[in-house]
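Note that the sequence shown covers residues 9 to 235 in my numbering.
Working notes for the structure below.
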Amino acid sequence: MDTYINPLIENIHQELLPAFQIESVDPHEPVKVHYLPDPWRLLGKGNYAAVVYHPNHPNVVVKIYAPGRPGFEEEVEVYQRLGSHPAFSQCLYVGIGFLVLKRLYGVTLYDCMHLGVRIPIKVIRDIDEALDYARRRGLHPHDIHGRNVMMHEGKGFVVDVSDFLHEETCSKWNNLKKAYYWLYRPFFSPIKLRIPYFLLDIVRRSYRRCASFKTTCCRLVRSFISP
Ligand SMILES: Nc1ncnc2c1ncn2[C@@H]1O[C@H](COP(=O)(O)OP(=O)(O)O)[C@@H](O)[C@H]1O
Ligand SMILES: [Mg+2]
């Protein structure tokens with residue numbers, strides 16, 4: 009471990025963790041952060057974890073898993089296998105239930121849709137290239153949706169690699185790309201359309217329901233046709 013983060017690790021144990029309150033009510037919805045001690049700042053919430061930073065250490069973030077949510081050990085292993093690549097973060101320290109990661113600056117593509125910020129094609133290509141790199145490292149890019157990818161100064165980044173050991177195919181990134189090329193570029197981007205969060209959330213929830221409906225149908229069909 010680099011010694012420059014020693015004071016941060018001390019602060020995490022003495023100030024952050026004893027007071028921090030996080031809860032994951034539904035694994036398909038973002039976690040709830042009930043209390044974050046000052047001067048820590050919340051950067052983002054996923055379905056399993058919250059990501060915070062301390063203003064004295066703005067270039068690193070702490071990802072804290074909600075009790076009972078999986079993925080922590082897998083994420084450590086994925087970062088080990090990924091090594092160093094400009095489109096991914098790096099894991100700097102592993103604690104009990106938390107990781108210290110290199111901070112990635114920028115806006116998630118989900119937030120870009122909300123803010124009406126133009127997403128250049130290079131961002132999509134950078135992410136594609138990063139996912140190919142992960143595959144070459146024996147990983148399986150998984151759960152790549154708008155809140156797990158970011159854009160900064162015209163470049164694309166992948167913020168969440170926690171599911172990259174899951175071998176089953178995941179079509180989220182391919183579907184996002186289809187939506188980008190067929191809807192976003194021709195229609196939304198030219199008019200800088202801003203999509204309210206409630207509509208983005210409706211799309212997100214319907215996507216999940218459609219996906220689980222499709223899986224159930226496939227299973228049913230398979231159970232009929234397989235011996
Ligand atoms: N290394 C990072 N740098 C900056 N922001 C991050 C970083 N990792 C995560 N985030 C932010 O925190 C949010 C939640 O983190 P994420 O890893 O996706 O959690 P989960 O595994 O619960 O989905 C992301 O959508 C992003 O906004
Ligand atoms: Mg995530």
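For glycine and all other residues, C-beta sits at the position ideal for the given N, C-alpha and C.
**OP:** Could you spell out the range, first to last residue, of the beta strand (DSSP E) harbouring Tyr-87?
**Re:** Not the beta strand (DSSP E): Tyr-87 falls in the alpha helix (DSSP H), residues 80-90.
Original post:
Among Leu-100, Gln-88, Asn-55, which residue has its Cα nearest to the Cα of Leu-16?
Top reply: When each option's Cα is compared against that of Leu-16, the closest is Leu-100.
**OP:** Give the straight-line distance between the Cα atoms of Gly-79 and Trp-190, rounded to the nearest whole angstrom.
**Re:** Gly-79 and Trp-190 have their alpha carbons spaced roughly 33 Å apart.
Subject >> Minimum Cβ-Cβ distance from Gly-54 to chain C less than 8 Å >> reply: In the displayed structure, chain C is absent; only one protein chain is listed.
**OP:** Indicate, with yes or no, if ligand 1 has a heavy atom lying under 7 Å from the CB of Asn-55.
**Re:** Yes, the beta carbon of Asn-55 sits closer than 7 Å to at least one heavy atom of ligand 1.
Subject >> Of the listed residues Gly-103, His-36, Lys-110, nearest to Lys-53 (C-alpha basis) >> reply: If you compare the alpha carbons of Gly-103, His-36, Lys-110 with that of Lys-53, the shortest gap goes to His-36.
Original post:
So Tyr-73 is in the beta strand (DSSP E); what residue range does that whole segment cover?
Top reply: 68-73
**OP:** Let me know the secondary structure DSSP gives His-42 once reduced to three states.
**Re:** strand
Original post:
Does DSSP classify Lys-53 as helix, strand or coil?
Top reply: strand
Subject >> Counterpart residues of Met-158 in DSSP-defined beta bridges >> reply: Thr-116, Phe-165
Original post:
Can you tell me whether DSSP reads Ala-58 as helix, strand or coil?
Top reply: strand
Original post:
Using the C-alpha atoms, what's the distance from Ser-97 back to Val-167?
Top reply: 7 Å
Original post:
Counting Cβ pairs, one atom from each stretch, are 3 or more of them under 8 Å apart for the segment 144-152 and the segment 112-131?
Top reply: The segment 144-152 vs the segment 112-131: no contact.
**OP:** Starting from Glu-37, trace the beta strand (DSSP E) both ways and give me its first and last residue.
**Re:** No beta strand (DSSP E) holds Glu-37; DSSP gives it neither H nor E.
**OP:** State the beta-bridge partners of Val-108 as determined by DSSP.
**Re:** Looking at the DSSP output, Val-108 bridges to Val-70, Tyr-101.
Subject >> Reference Ile-30; option with closest CA among Ile-20, Gln-22, Val-41 >> reply: Val-41
Subject >> Own chain residues within Cβ distance below 7 Å of Glu-82, not counting five before or after >> reply: Ser-170, Leu-173
Original post:
Thinking C-beta only, is Arg-202 closer than 8 Å to Leu-269?
Top reply: Coverage of the chain is limited to positions 9 through 235, which leaves residue 269 absent and any answer about it impossible.
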